[in-house]
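Each residue of the sequence shown is one higher than the last, beginning at 6 in this note's numbering.
Notes for the one structure printed next.
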Amino acid sequence: MLNDNQLALIPIDICVPVQVFRADYTIVQNNQLPFVREFILRLLELSNMTKDQIGKFMGFTEKETEVALGQMINLDEIQVNDKGKFQLTPKAQGYFSSQQENRPKTQCLEDIRKEFRFDLLTFSYVKSNEKVGSATSAIRIYPSTEAISTSGKSAKSAFQRYFHQIHEEEDFRYLTIDNPDLYKISSFKKQSEKFQRFNQVYGLDTDRNRVEPIQSPDFLSKEEVVAFLSKHLRDNRPANNHREIATVFDSFDYEFGVSSLKRGYLDVAEYGIEARRSVLSGDKYKPLVGSLILNDNWSIFEKQLDAAINASPKKSVNVTWIAPSDGYWAKSEYQLQHFKNLSAKKKVNLEVFLPVPHRKDRKVRKGYINQFRPLKESLRGFVEGYLKGCGEVVIINDRAAFVMCYLYQNNDFLPIPFGFLTEDPHVISELISSFKSYLSQLDGEFESRDLGSLHKLK
6 MLNDNQLALI
16 PIDICVPVQV
26 FRADYTIVQN
36 NQLPFVREFI
46 LRLLELSNMT
56 KDQIGKFMGF
66 TEKETEVALG
76 QMINLDEIQV
86 NDKGKFQLTP
96 KAQGYFSSQQ
106 ENRPKTQCLE
116 DIRKEFRFDL
126 LTFSYVKSNE
136 KVGSATSAIR
146 IYPSTEAIST
156 SGKSAKSAFQ
166 RYFHQIHEEE
176 DFRYLTIDNP
186 DLYKISSFKK
196 QSEKFQRFNQ
206 VYGLDTDRNR
216 VEPIQSPDFL
226 SKEEVVAFLS
236 KHLRDNRPAN
246 NHREIATVFD
256 SFDYEFGVSS
266 LKRGYLDVAE
276 YGIEARRSVL
286 SGDKYKPLVG
296 SLILNDNWSI
306 FEKQLDAAIN
316 ASPKKSVNVT
326 WIAPSDGYWA
336 KSEYQLQHFK
346 NLSAKKKVNL
356 EVFLPVPHRK
366 DRKVRKGYIN
376 QFRPLKESLR
386 GFVEGYLKGC
396 GEVVIINDRA
406 AFVMCYLYQN
416 NDFLPIPFGF
426 LTEDPHVISE
436 LISSFKSYLS
446 QLDGEFESRD
456 LGSLHKLK
(Lines of atoms letter the chains of each structure in order from A and count residues from 1; the text may use other names and numbers.)
(Lines give C-alpha, C1' and ligand atoms only; values in the text may rest on other atoms or scores of the structure.)
Protein backbone atom coordinates (compact mmCIF):
# COMPACT_ATOMS: atom_id res chain seq x y z
CA MET A 1 0.00 0.00 0.00
CA LEU A 2 1.50 3.33 -1.11
CA ASN A 3 1.39 6.49 0.95
CA ASP A 4 -0.17 9.65 -0.47
CA ASN A 5 3.29 11.11 -1.02
CA GLN A 6 4.58 8.11 -3.00
CA LEU A 7 4.35 7.56 -6.75
CA ALA A 8 5.31 4.11 -8.07
CA LEU A 9 7.69 4.27 -11.03
CA ILE A 10 9.43 0.98 -11.82
CA PRO A 11 9.60 -2.58 -10.44
CA ILE A 12 13.10 -4.02 -10.19
CA ASP A 13 14.10 -7.46 -8.95
CA ILE A 14 17.31 -7.75 -6.96
CA CYS A 15 19.12 -11.10 -7.07
CA VAL A 16 21.64 -11.97 -4.37
CA PRO A 17 24.10 -14.87 -4.81
CA VAL A 18 23.46 -17.81 -2.49
CA GLN A 19 26.02 -20.58 -2.07
CA VAL A 20 25.13 -24.11 -1.08
CA PHE A 21 27.47 -25.88 1.35
CA ARG A 22 27.55 -29.52 2.36
CA ALA A 23 28.28 -29.90 6.06
CA ASP A 24 29.49 -33.07 7.77
CA TYR A 25 29.22 -32.51 11.51
CA THR A 26 28.45 -34.14 14.82
CA ILE A 27 25.90 -32.99 17.37
CA VAL A 28 25.31 -33.84 21.01
CA GLN A 29 21.70 -34.99 20.92
CA ASN A 30 19.30 -35.02 23.85
CA ASN A 31 17.05 -38.06 23.39
CA GLN A 32 13.80 -38.82 25.15
CA LEU A 33 13.48 -42.27 26.71
CA PRO A 34 10.90 -44.99 26.06
CA PHE A 35 7.74 -44.55 28.11
CA VAL A 36 8.31 -47.34 30.67
CA ARG A 37 11.89 -46.37 31.43
CA GLU A 38 11.00 -42.69 31.65
CA PHE A 39 8.04 -43.32 33.99
CA ILE A 40 10.06 -45.50 36.39
CA LEU A 41 12.91 -43.00 36.44
CA ARG A 42 10.50 -40.16 37.20
CA LEU A 43 8.97 -42.20 40.04
CA LEU A 44 12.37 -42.89 41.57
CA GLU A 45 13.45 -39.29 41.09
CA LEU A 46 10.60 -38.38 43.45
CA SER A 47 11.17 -41.18 45.99
CA ASN A 48 12.96 -44.50 46.44
CA MET A 49 10.55 -47.47 46.05
CA THR A 50 10.35 -51.22 46.44
CA LYS A 51 9.74 -53.56 43.53
CA ASP A 52 6.12 -54.08 44.61
CA GLN A 53 5.46 -50.34 44.85
CA ILE A 54 6.84 -49.78 41.35
CA GLY A 55 4.78 -52.67 39.94
CA LYS A 56 1.62 -51.29 41.54
CA PHE A 57 2.18 -47.79 40.12
CA MET A 58 2.85 -49.20 36.66
CA GLY A 59 0.02 -51.76 36.76
CA PHE A 60 2.49 -54.53 35.89
CA THR A 61 2.51 -58.18 36.80
CA GLU A 62 5.43 -59.41 38.90
CA LYS A 63 7.09 -60.85 35.79
CA GLU A 64 6.69 -57.59 33.82
CA THR A 65 8.08 -55.61 36.74
CA GLU A 66 11.15 -57.86 37.00
CA VAL A 67 11.85 -57.53 33.24
CA ALA A 68 11.57 -53.74 33.28
CA LEU A 69 13.74 -53.31 36.39
CA GLY A 70 16.29 -55.86 35.18
CA GLN A 71 16.81 -53.94 31.96
CA MET A 72 17.38 -50.69 33.84
CA ILE A 73 19.81 -52.36 36.25
CA ASN A 74 21.81 -53.60 33.25
CA LEU A 75 21.84 -50.05 31.88
CA ASP A 76 23.23 -48.83 35.22
CA GLU A 77 20.25 -46.52 35.69
CA ILE A 78 18.87 -47.94 38.96
CA GLN A 79 20.25 -49.82 41.93
CA VAL A 80 19.00 -51.32 45.24
CA ASN A 81 20.03 -49.45 48.41
CA ASP A 82 20.69 -50.95 51.84
CA LYS A 83 16.98 -50.62 52.74
CA GLY A 84 15.95 -52.87 49.84
CA LYS A 85 14.49 -50.05 47.79
CA PHE A 86 15.32 -49.04 44.24
CA GLN A 87 16.99 -45.68 43.68
CA LEU A 88 18.61 -43.77 40.81
CA THR A 89 22.26 -44.25 40.04
CA PRO A 90 24.48 -41.17 39.54
CA LYS A 91 24.23 -41.85 35.81
CA ALA A 92 20.42 -41.68 35.83
CA GLN A 93 20.44 -38.60 38.07
CA GLY A 94 22.31 -36.86 35.25
CA TYR A 95 19.30 -37.44 32.99
CA PHE A 96 17.45 -34.77 35.01
CA SER A 97 19.94 -31.97 34.43
CA SER A 98 17.46 -29.72 32.59
CA GLN A 99 15.91 -26.99 34.71
CA GLN A 100 13.08 -26.43 32.22
CA GLU A 101 11.21 -29.71 32.60
CA ASN A 102 11.35 -32.69 34.92
CA ARG A 103 11.81 -35.29 32.20
CA PRO A 104 14.83 -37.56 31.94
CA LYS A 105 16.86 -37.38 28.75
CA THR A 106 20.00 -39.10 27.55
CA GLN A 107 22.79 -37.65 25.47
CA CYS A 108 24.37 -39.26 22.44
CA LEU A 109 26.51 -38.23 19.47
CA GLU A 110 24.78 -38.03 16.10
CA ASP A 111 26.63 -37.66 12.78
CA ILE A 112 24.80 -35.52 10.21
CA ARG A 113 25.42 -34.70 6.55
CA LYS A 114 23.21 -31.97 5.11
CA GLU A 115 23.30 -29.03 2.71
CA PHE A 116 22.85 -25.49 3.98
CA ARG A 117 22.57 -22.18 2.12
CA PHE A 118 23.95 -18.72 2.92
CA ASP A 119 23.79 -15.49 0.95
CA LEU A 120 27.14 -13.94 0.05
CA LEU A 121 26.32 -10.36 1.11
CA THR A 122 25.42 -10.81 4.78
CA PHE A 123 25.95 -14.58 5.20
CA SER A 124 22.47 -14.89 6.59
CA TYR A 125 21.00 -18.37 6.63
CA VAL A 126 18.64 -19.13 3.72
CA LYS A 127 16.01 -21.68 4.74
CA SER A 128 15.45 -24.74 2.56
CA ASN A 129 11.84 -23.70 1.88
CA GLU A 130 12.91 -20.30 0.51
CA LYS A 131 12.98 -20.24 -3.28
CA VAL A 132 16.31 -19.86 -5.08
CA GLY A 133 17.02 -20.07 -8.80
CA SER A 134 18.44 -18.13 -11.73
CA ALA A 135 19.06 -14.39 -11.92
CA THR A 136 17.35 -13.65 -15.25
CA SER A 137 15.23 -10.49 -15.39
CA ALA A 138 16.99 -8.97 -12.39
CA ILE A 139 19.93 -6.94 -11.13
CA ARG A 140 22.70 -9.14 -9.74
CA ILE A 141 24.51 -7.83 -6.68
CA TYR A 142 27.89 -9.37 -5.90
CA PRO A 143 30.26 -8.82 -2.97
CA SER A 144 33.98 -8.20 -3.42
CA THR A 145 36.26 -10.81 -4.99
CA GLU A 146 37.90 -11.31 -1.61
CA ALA A 147 34.55 -12.04 0.06
CA ILE A 148 33.76 -14.62 -2.62
CA SER A 149 37.15 -16.31 -2.28
CA THR A 150 36.72 -16.68 1.50
CA SER A 151 33.02 -17.56 1.38
CA GLY A 152 33.61 -21.06 2.76
CA LYS A 153 35.21 -19.72 5.92
CA SER A 154 32.52 -17.06 6.36
CA ALA A 155 29.69 -19.54 5.79
CA LYS A 156 31.19 -21.98 8.31
CA SER A 157 31.25 -19.22 10.92
CA ALA A 158 27.66 -18.30 10.02
CA PHE A 159 26.63 -21.94 10.41
CA GLN A 160 27.95 -21.94 13.96
CA ARG A 161 26.31 -18.60 14.66
CA TYR A 162 22.88 -19.76 13.40
CA PHE A 163 23.29 -23.35 14.64
CA HIS A 164 20.37 -23.40 17.08
CA GLN A 165 18.05 -21.46 14.76
CA ILE A 166 18.83 -23.88 11.93
CA HIS A 167 18.03 -26.92 14.05
CA GLU A 168 14.79 -25.38 15.30
CA GLU A 169 13.48 -24.42 11.85
CA GLU A 170 14.89 -26.96 9.38
CA ASP A 171 13.41 -30.32 8.41
CA PHE A 172 15.85 -33.15 9.08
CA ARG A 173 13.45 -35.81 7.76
CA TYR A 174 14.05 -39.05 9.66
CA LEU A 175 15.93 -37.38 12.54
CA THR A 176 14.17 -35.96 15.58
CA ILE A 177 16.45 -33.27 16.93
CA ASP A 178 15.74 -31.61 20.26
CA ASN A 179 17.91 -28.71 21.46
CA PRO A 180 21.25 -30.13 20.22
CA ASP A 181 24.73 -28.80 20.80
CA LEU A 182 27.45 -28.72 18.17
CA TYR A 183 30.19 -31.23 18.94
CA LYS A 184 32.44 -30.82 15.89
CA ILE A 185 32.46 -29.93 12.18
CA SER A 186 34.31 -32.51 10.09
CA SER A 187 33.99 -30.75 6.74
CA PHE A 188 32.20 -27.78 5.20
CA LYS A 189 32.40 -27.71 1.38
CA LYS A 190 30.87 -25.46 -1.27
CA GLN A 191 28.62 -27.35 -3.68
CA SER A 192 26.93 -24.82 -5.98
CA GLU A 193 25.72 -21.26 -6.37
CA LYS A 194 22.21 -19.97 -7.03
CA PHE A 195 20.36 -16.69 -6.53
CA GLN A 196 17.70 -15.47 -4.17
CA ARG A 197 15.25 -13.02 -5.74
CA PHE A 198 13.73 -9.99 -4.02
CA ASN A 199 10.93 -7.98 -5.67
CA GLN A 200 11.24 -4.25 -5.13
CA VAL A 201 9.33 -1.23 -6.44
CA TYR A 202 11.07 2.10 -6.81
CA GLY A 203 9.10 5.30 -6.83
CA LEU A 204 9.13 9.00 -6.12
CA ASP A 205 8.86 10.38 -2.63
CA THR A 206 7.13 13.65 -3.55
CA ASP A 207 8.02 15.27 -0.22
CA ARG A 208 11.74 14.79 -0.81
CA ASN A 209 11.61 14.62 -4.64
CA ARG A 210 13.78 11.50 -4.64
CA VAL A 211 13.53 8.17 -6.44
CA GLU A 212 13.90 5.46 -3.80
CA PRO A 213 12.47 2.07 -2.76
CA ILE A 214 8.83 2.36 -1.74
CA GLN A 215 8.00 -1.35 -1.55
CA SER A 216 10.94 -3.38 -0.32
CA PRO A 217 11.55 -6.62 1.64
CA ASP A 218 13.38 -6.40 4.97
CA PHE A 219 16.52 -8.07 3.62
CA LEU A 220 17.19 -5.23 1.18
CA SER A 221 17.02 -2.74 4.07
CA LYS A 222 20.05 -4.24 5.82
CA GLU A 223 22.90 -1.75 6.00
CA GLU A 224 25.45 -3.89 4.14
CA VAL A 225 22.95 -4.77 1.40
CA VAL A 226 22.01 -1.11 0.91
CA ALA A 227 25.72 -0.31 0.50
CA PHE A 228 26.26 -3.04 -2.14
CA LEU A 229 23.11 -2.08 -4.05
CA SER A 230 23.84 1.66 -3.97
CA LYS A 231 27.33 1.07 -5.34
CA HIS A 232 25.96 -1.09 -8.17
CA LEU A 233 23.35 1.51 -9.15
CA ARG A 234 25.85 4.35 -8.94
CA ASP A 235 28.46 2.53 -11.04
CA ASN A 236 25.92 1.67 -13.76
CA ARG A 237 24.05 4.95 -14.00
CA PRO A 238 23.78 6.44 -17.53
CA ALA A 239 24.06 10.17 -18.24
CA ASN A 240 21.09 12.51 -17.90
CA ASN A 241 19.00 12.45 -21.07
CA HIS A 242 16.17 14.98 -20.87
CA ARG A 243 17.26 16.61 -24.15
CA GLU A 244 17.09 13.33 -26.05
CA ILE A 245 13.62 12.62 -24.69
CA ALA A 246 12.42 16.12 -25.55
CA THR A 247 13.55 15.44 -29.13
CA VAL A 248 11.59 12.17 -29.20
CA PHE A 249 8.42 13.86 -27.94
CA ASP A 250 8.86 16.71 -30.39
CA SER A 251 9.04 14.26 -33.31
CA PHE A 252 5.48 13.18 -32.46
CA ASP A 253 4.22 16.71 -31.66
CA TYR A 254 3.71 15.82 -28.00
CA GLU A 255 3.81 19.40 -26.77
CA PHE A 256 2.99 18.73 -23.12
CA GLY A 257 5.90 16.28 -22.89
CA VAL A 258 8.28 18.80 -24.46
CA SER A 259 7.13 21.67 -22.23
CA SER A 260 7.44 19.45 -19.14
CA LEU A 261 11.17 19.18 -19.82
CA LYS A 262 11.89 22.82 -20.72
CA ARG A 263 13.27 23.60 -17.26
CA GLY A 264 15.90 20.91 -17.78
CA TYR A 265 14.16 18.41 -15.55
CA LEU A 266 10.78 16.75 -15.12
CA ASP A 267 8.49 17.61 -12.22
CA VAL A 268 7.32 14.02 -11.78
CA ALA A 269 4.61 14.81 -9.23
CA GLU A 270 3.11 17.47 -11.50
CA TYR A 271 3.24 15.09 -14.47
CA GLY A 272 1.55 12.41 -12.38
CA ILE A 273 -1.30 14.77 -11.50
CA GLU A 274 -1.86 15.45 -15.20
CA ALA A 275 -1.74 11.71 -15.91
CA ARG A 276 -4.52 11.03 -13.39
CA ARG A 277 -6.61 13.90 -14.78
CA SER A 278 -6.37 12.73 -18.38
CA VAL A 279 -7.28 9.05 -17.87
CA LEU A 280 -10.94 9.59 -18.79
CA SER A 281 -10.37 12.59 -21.05
CA GLY A 282 -10.61 12.66 -24.81
CA ASP A 283 -7.20 14.27 -25.17
CA LYS A 284 -5.05 13.37 -28.15
CA TYR A 285 -2.19 12.53 -25.80
CA LYS A 286 -2.87 11.10 -22.36
CA PRO A 287 0.19 11.43 -20.09
CA LEU A 288 1.36 8.33 -18.24
CA VAL A 289 4.00 7.97 -15.56
CA GLY A 290 5.59 4.74 -14.32
CA SER A 291 6.37 1.46 -16.03
CA LEU A 292 3.64 -0.07 -18.18
CA ILE A 293 3.75 -3.27 -16.13
CA LEU A 294 2.75 -1.52 -12.90
CA ASN A 295 -0.82 -2.37 -11.90
CA ASP A 296 -2.49 0.97 -12.69
CA ASN A 297 -0.87 1.36 -16.11
CA TRP A 298 -1.38 -2.30 -16.96
CA SER A 299 -5.10 -1.89 -16.28
CA ILE A 300 -5.12 0.94 -18.84
CA PHE A 301 -3.28 -1.27 -21.31
CA GLU A 302 -5.73 -4.16 -20.80
CA LYS A 303 -8.72 -1.88 -21.40
CA GLN A 304 -7.22 -0.82 -24.72
CA LEU A 305 -6.48 -4.44 -25.62
CA ASP A 306 -9.98 -5.63 -24.72
CA ALA A 307 -11.48 -2.81 -26.78
CA ALA A 308 -9.40 -3.88 -29.80
CA ILE A 309 -10.46 -7.51 -29.38
CA ASN A 310 -14.14 -6.60 -29.05
CA ALA A 311 -13.96 -4.30 -32.08
CA SER A 312 -12.87 -7.19 -34.31
CA PRO A 313 -14.16 -10.38 -32.67
CA LYS A 314 -13.35 -12.52 -35.72
CA LYS A 315 -9.84 -11.20 -36.24
CA SER A 316 -6.63 -11.43 -34.27
CA VAL A 317 -5.18 -8.38 -32.57
CA ASN A 318 -1.54 -7.57 -33.23
CA VAL A 319 0.47 -6.24 -30.29
CA THR A 320 3.88 -4.85 -31.24
CA TRP A 321 6.17 -4.24 -28.27
CA ILE A 322 9.38 -2.30 -28.99
CA ALA A 323 11.80 -2.35 -26.07
CA PRO A 324 14.16 0.52 -25.18
CA SER A 325 17.92 0.22 -24.81
CA ASP A 326 17.71 0.79 -21.08
CA GLY A 327 19.53 -1.39 -18.57
CA TYR A 328 16.57 -1.46 -16.18
CA TRP A 329 13.86 -2.35 -18.67
CA ALA A 330 12.42 -5.82 -17.92
CA LYS A 331 14.55 -6.19 -14.80
CA SER A 332 11.51 -7.72 -13.13
CA GLU A 333 9.90 -11.11 -13.51
CA TYR A 334 6.58 -9.28 -13.93
CA GLN A 335 7.56 -8.37 -17.51
CA LEU A 336 7.84 -12.01 -18.53
CA GLN A 337 4.61 -12.85 -16.69
CA HIS A 338 2.75 -10.16 -18.62
CA PHE A 339 4.25 -11.32 -21.92
CA LYS A 340 3.22 -14.91 -21.19
CA ASN A 341 -0.31 -13.81 -20.34
CA LEU A 342 -0.54 -11.89 -23.61
CA SER A 343 0.79 -14.84 -25.64
CA ALA A 344 -1.76 -17.14 -24.00
CA LYS A 345 -4.68 -15.07 -25.31
CA LYS A 346 -6.21 -16.78 -28.34
CA LYS A 347 -6.86 -13.63 -30.33
CA VAL A 348 -3.57 -11.85 -29.65
CA ASN A 349 -0.45 -12.02 -31.82
CA LEU A 350 2.45 -10.70 -29.74
CA GLU A 351 5.66 -9.53 -31.41
CA VAL A 352 8.48 -8.26 -29.19
CA PHE A 353 11.31 -6.25 -30.76
CA LEU A 354 14.48 -6.27 -28.67
CA PRO A 355 17.48 -3.93 -29.21
CA VAL A 356 20.94 -5.37 -29.77
CA PRO A 357 24.12 -3.21 -29.81
CA HIS A 358 25.22 -4.77 -33.10
CA ARG A 359 24.26 -7.70 -35.30
CA LYS A 360 27.07 -9.99 -34.11
CA ASP A 361 26.45 -9.50 -30.39
CA ARG A 362 25.58 -13.11 -29.53
CA LYS A 363 25.81 -12.55 -25.78
CA VAL A 364 22.95 -10.05 -25.74
CA ARG A 365 20.87 -12.13 -28.16
CA LYS A 366 21.27 -15.29 -26.10
CA GLY A 367 20.52 -13.30 -22.96
CA TYR A 368 17.17 -12.24 -24.39
CA ILE A 369 16.33 -15.80 -25.46
CA ASN A 370 17.11 -17.14 -21.98
CA GLN A 371 15.15 -14.36 -20.35
CA PHE A 372 12.05 -14.76 -22.53
CA ARG A 373 12.39 -18.42 -23.51
CA PRO A 374 8.66 -19.28 -23.12
CA LEU A 375 7.87 -16.91 -26.01
CA LYS A 376 11.02 -17.22 -28.13
CA GLU A 377 8.94 -17.52 -31.32
CA SER A 378 7.70 -13.96 -30.70
CA LEU A 379 11.14 -12.39 -30.26
CA ARG A 380 12.65 -10.23 -32.99
CA GLY A 381 15.89 -8.30 -32.87
CA PHE A 382 16.94 -4.94 -34.23
CA VAL A 383 20.09 -2.86 -34.05
CA GLU A 384 19.56 -0.39 -31.20
CA GLY A 385 19.08 3.35 -31.68
CA TYR A 386 15.36 3.77 -32.36
CA LEU A 387 14.00 6.83 -30.51
CA LYS A 388 17.50 7.58 -29.18
CA GLY A 389 17.39 4.20 -27.41
CA CYS A 390 15.33 5.63 -24.55
CA GLY A 391 11.82 4.98 -25.88
CA GLU A 392 9.52 2.00 -25.31
CA VAL A 393 6.65 1.74 -27.79
CA VAL A 394 3.65 -0.59 -27.63
CA ILE A 395 1.14 -0.57 -30.49
CA ILE A 396 -2.22 -2.38 -30.36
CA ASN A 397 -3.36 -2.79 -33.98
CA ASP A 398 -4.03 0.69 -35.26
CA ARG A 399 -6.25 1.60 -32.30
CA ALA A 400 -3.85 2.60 -29.52
CA ALA A 401 -0.18 3.24 -28.87
CA PHE A 402 1.89 3.76 -25.75
CA VAL A 403 5.16 5.67 -25.82
CA MET A 404 7.23 5.56 -22.61
CA CYS A 405 10.67 7.16 -22.28
CA TYR A 406 13.19 6.30 -19.57
CA LEU A 407 14.43 9.56 -18.08
CA TYR A 408 17.58 10.03 -15.99
CA GLN A 409 17.81 13.29 -14.09
CA ASN A 410 19.22 14.99 -11.00
CA ASN A 411 21.23 12.54 -8.86
CA ASP A 412 18.74 9.68 -9.08
CA PHE A 413 20.34 6.35 -9.97
CA LEU A 414 17.26 4.86 -11.62
CA PRO A 415 15.14 5.88 -14.61
CA ILE A 416 11.73 7.52 -14.50
CA PRO A 417 9.48 5.94 -17.14
CA PHE A 418 6.99 8.48 -18.45
CA GLY A 419 5.23 9.23 -21.70
CA PHE A 420 1.76 9.03 -23.18
CA LEU A 421 -1.08 6.92 -24.54
CA THR A 422 -2.67 7.95 -27.80
CA GLU A 423 -5.66 6.69 -29.76
CA ASP A 424 -5.12 9.20 -32.54
CA PRO A 425 -4.87 7.34 -35.90
CA HIS A 426 -2.44 9.89 -37.33
CA VAL A 427 0.02 9.59 -34.42
CA ILE A 428 -0.26 5.78 -34.43
CA SER A 429 0.41 5.75 -38.18
CA GLU A 430 3.46 7.96 -37.63
CA LEU A 431 4.81 5.57 -34.99
CA ILE A 432 4.36 2.56 -37.24
CA SER A 433 5.96 4.33 -40.18
CA SER A 434 8.89 5.65 -38.14
CA PHE A 435 9.77 2.18 -36.84
CA LYS A 436 9.44 0.57 -40.27
CA SER A 437 11.64 3.30 -41.70
CA TYR A 438 14.24 2.75 -38.96
CA LEU A 439 14.34 -1.01 -39.62
CA SER A 440 14.73 -0.52 -43.36
CA GLN A 441 17.86 1.59 -42.92
CA LEU A 442 21.36 0.11 -42.93
CA ASP A 443 23.57 -0.09 -39.86
CA GLY A 444 27.26 0.83 -39.64
CA GLU A 445 28.18 -2.42 -41.40
CA PHE A 446 25.76 -1.68 -44.25
CA GLU A 447 23.34 -4.37 -43.23
CA SER A 448 19.67 -4.14 -42.33
CA ARG A 449 18.86 -3.00 -38.80
CA ASP A 450 16.09 -5.59 -38.76
CA LEU A 451 17.65 -8.81 -37.42
CA GLY A 452 14.51 -10.91 -37.78
CA SER A 453 13.68 -13.79 -35.46
CA LEU A 454 16.25 -13.86 -32.63
CA HIS A 455 16.30 -17.60 -32.07
CA LYS A 456 17.04 -18.23 -35.77
CA LEU A 457 20.11 -15.99 -35.89
CA LYS A 458 23.49 -17.68 -35.97
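Think of the CB as a built atom: it goes at the ideal place given N, C-alpha and C, for glycine as much as any other residue.
Next item on the list: Please classify residue 96: does DSSP put it in a helix, a strand, or coil?
Entry: helix
Notebook entry, point to check: From residue 90 to residue 134, what does the alpha carbon distance come to, in whole angstroms?
Noted result: In a straight line, the C-alpha of residue 90 is about 53 Å away from that of residue 134.
Next item on the list: Determine the DSSP secondary structure at residue 453, reduced to helix, strand or coil.
Entry: strand
Next item on the list: Enumerate in chain order the residues of its own chain whose CB-to-CB distance from residue 61 is below 7 Å, with the five nearest sequence positions on each side excluded.
Entry: none
Notebook entry, point to check: Since residue 393 contacts residue 253 with CB under 8 Å, what's their CB separation in whole angstroms?
Noted result: Between residue 393 and residue 253 a beta carbon distance of about 6 Å is seen, short of the 8 Å cut, so the two are scored as contacting.
Next item on the list: For the beta strand (DSSP E) containing residue 124, list its first residue and its last residue.
Entry: 110-124
Notebook entry, point to check: From 362, 398, 406, pick the residue whose C-alpha is nearest to that of residue 387; which is it?
Noted result: 362
Next item on the list: Assign residue 340 to one of three DSSP states: helix, strand, or coil.
Entry: helix
Next item on the list: Within the same chain, show all residues whose beta-carbon is closer than 6 Å to that of residue 20, passing over the 5 residues directly before and after it, in chain order.
Entry: Closer than 6 Å at the Cβ level, and outside the excluded window around residue 20, lie 140, 143, 145, 200, 202.
Margin query: For a test of the three-state rule: what should DSSP assign to residue 10, helix, strand or coil?
Written below: Residue state, collapsed to three classes: coil.
Notebook entry, point to check: So what does DSSP say about residue 324, is it helix, strand or coil?
Noted result: strand
Checklist line | DSSP-derived helix/strand/coil call for residue 101 | finding: When DSSP states are grouped into helix, strand and coil, residue 101 belongs to the helix group.
Note to self: Please classify residue 379 as buried or exposed, where buried requires at least 16 other C-beta atoms within 10 Å of its C-beta.
What the structure shows: exposed
Next item on the list: Note the first and the last residue of the continuous beta strand (DSSP E) segment covering residue 166.
Entry: Looking at the DSSP string, residue 166 is not in any beta strand (DSSP E); the run it does join, the alpha helix (DSSP H), is 156-166.
Item checked: Beta-bridge pairing of residue 29 - partner residues as DSSP gives them -> 118, 192
Checklist line | Neighbourhood of residue 262 by C-beta, 6 Å cutoff - its chain only, sequence neighbours within 5 removed | finding: 254
Item checked: Inter-residue spacing [alpha-carbon to alpha-carbon] between residue 314 and residue 322 -> 6 Å
Notebook entry, point to check: For the region 430-437 against the region 347-360, are there 3 or more C-beta pairs whose distance is under 8 Å?
Noted result: no
Check: Taking all protein chains shown into account, do 16 or more other C-beta atoms lie within 10 angstroms of the C-beta of residue 24, making it buried, or fewer, making it exposed?
Finding: With 16 or more other Cβ atoms within 10 Å, it is buried.
Next item on the list: Enumerate in chain order the residues of its own chain whose CB-to-CB distance from residue 426 is below 7 Å, with the five nearest sequence positions on each side excluded.
Entry: 291, 293, 305, 405, 407
Item checked: Cβ neighbours of residue 31 in the same chain (closer than 6 Å, five flanking residues each side left out) -> Counting only Cβ-Cβ distances below 6 Å, and skipping sequence neighbours, we find 114, 116, 188, 189.
Check: Which value, in whole angstroms, describes the spacing of the CA atoms of residue 428 and residue 222?
Finding: 38 Å
Next item on the list: Quick one: grab the DSSP three-state call for residue 70.
Entry: Three-state DSSP puts residue 70 in a helix.
Notebook entry, point to check: Where DSSP assigns a beta bridge to residue 43, which residues make up the other side?
Noted result: In the DSSP output, where bridge partners are listed per residue, residue 43 has none listed.
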